[in-house]
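Participant: Can you read through this structure? Questions will come right after.
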């Protein structure tokens with residue numbers, strides 16, 4: 002790739018100073034963004050691990066809960082179970098708040114209003130113990146499912162932030178900084194060239210003047 | 003905010019036992035149901051079974067890229083966790099880090 006310089010700069014000493022300042026700033030910013038990116042990725046991996054173990058747990062427990070449910074269905078019949086399932090207390094509502102990790106906004110689920118143990122309202126007569134089992138297992142599973150929802154929200158917010166930071170780091174690294182360096186070199190070369198010209202001109206004039214002096218004398 | 007679910011009949015019974023009341027059982031109109039549910043602003047979390055999520059994956063991903071709330075969570079149904087599909091989380095990981103991350107049990 003041909004090195005590109007920033008267009009419209011005059012090769013003057015003032016511009017050179019300006020560019021040097023800009024390079025310093027860009028390098029500082031680049032370093033900071035890089036650090037931010039690394040920290041975010043580390044956090045991200047932690048959350049991924051959490052997510053992984055949580056899904057494993059949930060998959061297993063959900064499987065157990067479904068086994069109980071299916072057994073209940075076998076004993077009572079699907080219709081009976083479905084009717085009984087309508088007679089469960091509502092679990093209440095959640096609140097979604099905002100939290101932040103390193104300036105990234107993440108959703109946080111407030112589970113305070115969730116009722117822990119909802120009492121079944123169905124009677125003993127038409128139901129069996131397996132249904133109670135299923136009810137208990139699903140009920141215990143719910144906080145975990147909400148936790149999973151929270152973790153997935155975290156993963157989403159963090160991944161978008163990582164992407165953004167990565168893009169910024171790349172722009173600085175591959176576009177802006179090379180351009181600035183090239184411009185700096187260009188101006189320096191121009192200034193050197195001008196100095197050489199001046200130097201030569203002065204020598205030349207001096208020689209001419211001395212020749213004149215001699216011819217007069 | 004409420005918790006809602008889009009799932010098949012058996013999962014619905016299970017979630018209802020857990021105390022969730024807002025449950026939809028779609029037959030071929032999952033995309034429509036999801037759209038309606040996601041536009042309500044009193045729903046905070048939507049649980050959706052993997053099988054249904056597969057059917058409306060395009061709408062689902064479109065929505066999730068643009069919105070944070072409601073949080074959509076995929077859960078396995080009674081036939082167990084499906085390993086043949088790519089989950090949204092692994093897609094996000096790949097997008098953020100650039101590589102697939104898979105953890106194997108020792």
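Residue numbers (my numbering), protein chains in the order written: chain A, 2 to 218; chain B, 3 to 108.
Cβ atoms here follow ideal geometry from the backbone N, Cα and C, with glycine treated the same way.
Being a predicted model, the structure only gives us computed values, none of them experimental.
#1: Quick one: list the residues of chain B neighbouring residue 91(A), beta-carbon separation under 8 Å, in chain order.
#2: Between residue 86(A) and residue 15(B), is the Cβ-Cβ spacing less than 8 Å?
#3: Buried or exposed, going by whether 16 or more other CB atoms sit within 10 Å of the CB of residue 37(B)?
#4: What does a CB cutoff of less than 8 Å around residue 163(A) pick up in its chain, not counting 5 residues either side in sequence?
#5: Could you pull out every unbroken alpha helix (DSSP H) segment of at least 4 residues lying fully inside the segment 83-166 of chain A, listed in chain order?
#6: Go ahead and pull the three-state DSSP assignment for residue 79(B).
#7: How long is the line joining the alpha carbons of residue 170(A) and residue 28(B), rounded to whole angstroms?
#8: At which residues does the alpha helix (DSSP H) containing residue 194(A) begin and terminate?
#9: State the Cα-Cα distance for the pair residue 108(B) and residue 17(A), rounded to the nearest angstrom.
#10: Just the Cα atoms here: how many angstroms apart are residue 104(A) and residue 167(A)?
#11: Starting from residue 36(A) and walking both ways along the alpha helix (DSSP H), at which residues does that stretch end?
#12: Where does residue 12(B) land, buried or exposed, given buried means 16+ other C-beta within 10 angstroms?
#13: I'd like to know if residue 182(A) contacts chain B, where contact means its C-beta is closer than 8 Å to some C-beta of that chain.
#14: Going along chain B, which residues have a C-beta under 9 Å from residue 135(A)?
#15: Does the separation of the CB atoms of residue 95(A) and residue 100(B) fall below 8 Å?
#16: Would you verify that the beta carbon of residue 40(A) is, or is not, closer than 8 Å to some beta carbon of chain B?
#17: Could you tell me the alpha carbon to alpha carbon distance between residue 157(A) and residue 13(A), rounded to whole angstroms?
#18: Residue 63(A): buried (16+ other C-beta within 10 angstroms of its C-beta) or exposed?
#19: Looking at the C-beta of residue 28(B), does it have a partner C-beta in chain A at a distance below 8 Å?
#20: How many Å lie between residue 177(A) and residue 151(A) at the Cα?
#21: For residue 108(B), name the three-state secondary structure that DSSP assigns.
#22: If the cut is a Cβ gap below 8 Å, which residues of chain B does residue 163(A) touch?
#23: Quick check on the burial criterion: 16 or more other C-beta atoms within 10 angstroms. Buried or exposed for residue 74(A)?
#24: By a C-beta neighbour count over all protein chains shown, 10 Å radius and 16 as the cutoff for buried, is residue 76(B) buried or exposed?
#25: Are residue 112(A) and residue 147(A) close, meaning C-beta to C-beta below 8 Å?
#26: Give me the DSSP bridge partner(s) of residue 121(B).
#27: Residue 52(B) and residue 84(B): beta carbons closer than 8 Å?
#28: Any beta-carbon of chain A closer than 8 Å to the one on residue 73(B)?
#29: Determine the direct distance from the alpha carbon of residue 36(A) to that of residue 78(A), and round the result to whole angstroms.
#30: Do residue 3(B) and residue 44(B) have their beta-carbon atoms positioned less than 8 Å apart in this structure?
#31: Using three-state DSSP, classify residue 53(B) as helix, strand or coil.
#32: Please confirm if residue 39(B) has its CB atom under 8 Å from at least one CB of chain A.
#33: Under 8 Å between beta-carbons, which chain B residues line up against residue 70(A)? List them in chain order, please.
Facilitator: Taking the structure as given:
#1: 21 and 23
#2: yes
#3: exposed
#4: 38, 41, 42 and 45
#5: none
#6: strand
#7: 45 Å
#8: 178-217
#9: For residue 108(B), the predicted structure reports a pLDDT of 46, less than 50, and the residue's modelled location is therefore unreliable. A value from the coordinates is still provided. Their Cα atoms are separated by approximately 59 Å.
#10: 16 Å
#11: 14-77
#12: buried
#13: no
#14: 15, 16 and 19
#15: no
#16: no
#17: 49 Å
#18: buried
#19: no
#20: 38 Å
#21: With a pLDDT of only 46 at residue 108(B), under the threshold of 50, the placement of this residue in the model should not be trusted, and no figure is reported.
#22: 98 and 99
#23: buried
#24: buried
#25: yes
#26: Outside the modelled stretch of chain B, which goes from 3 to 108, sits residue 121(B), for which no answer is possible.
#27: yes
#28: yes
#29: 60 Å
#30: yes
#31: helix
#32: no
#33: 12, 15, 16, 19 and 80
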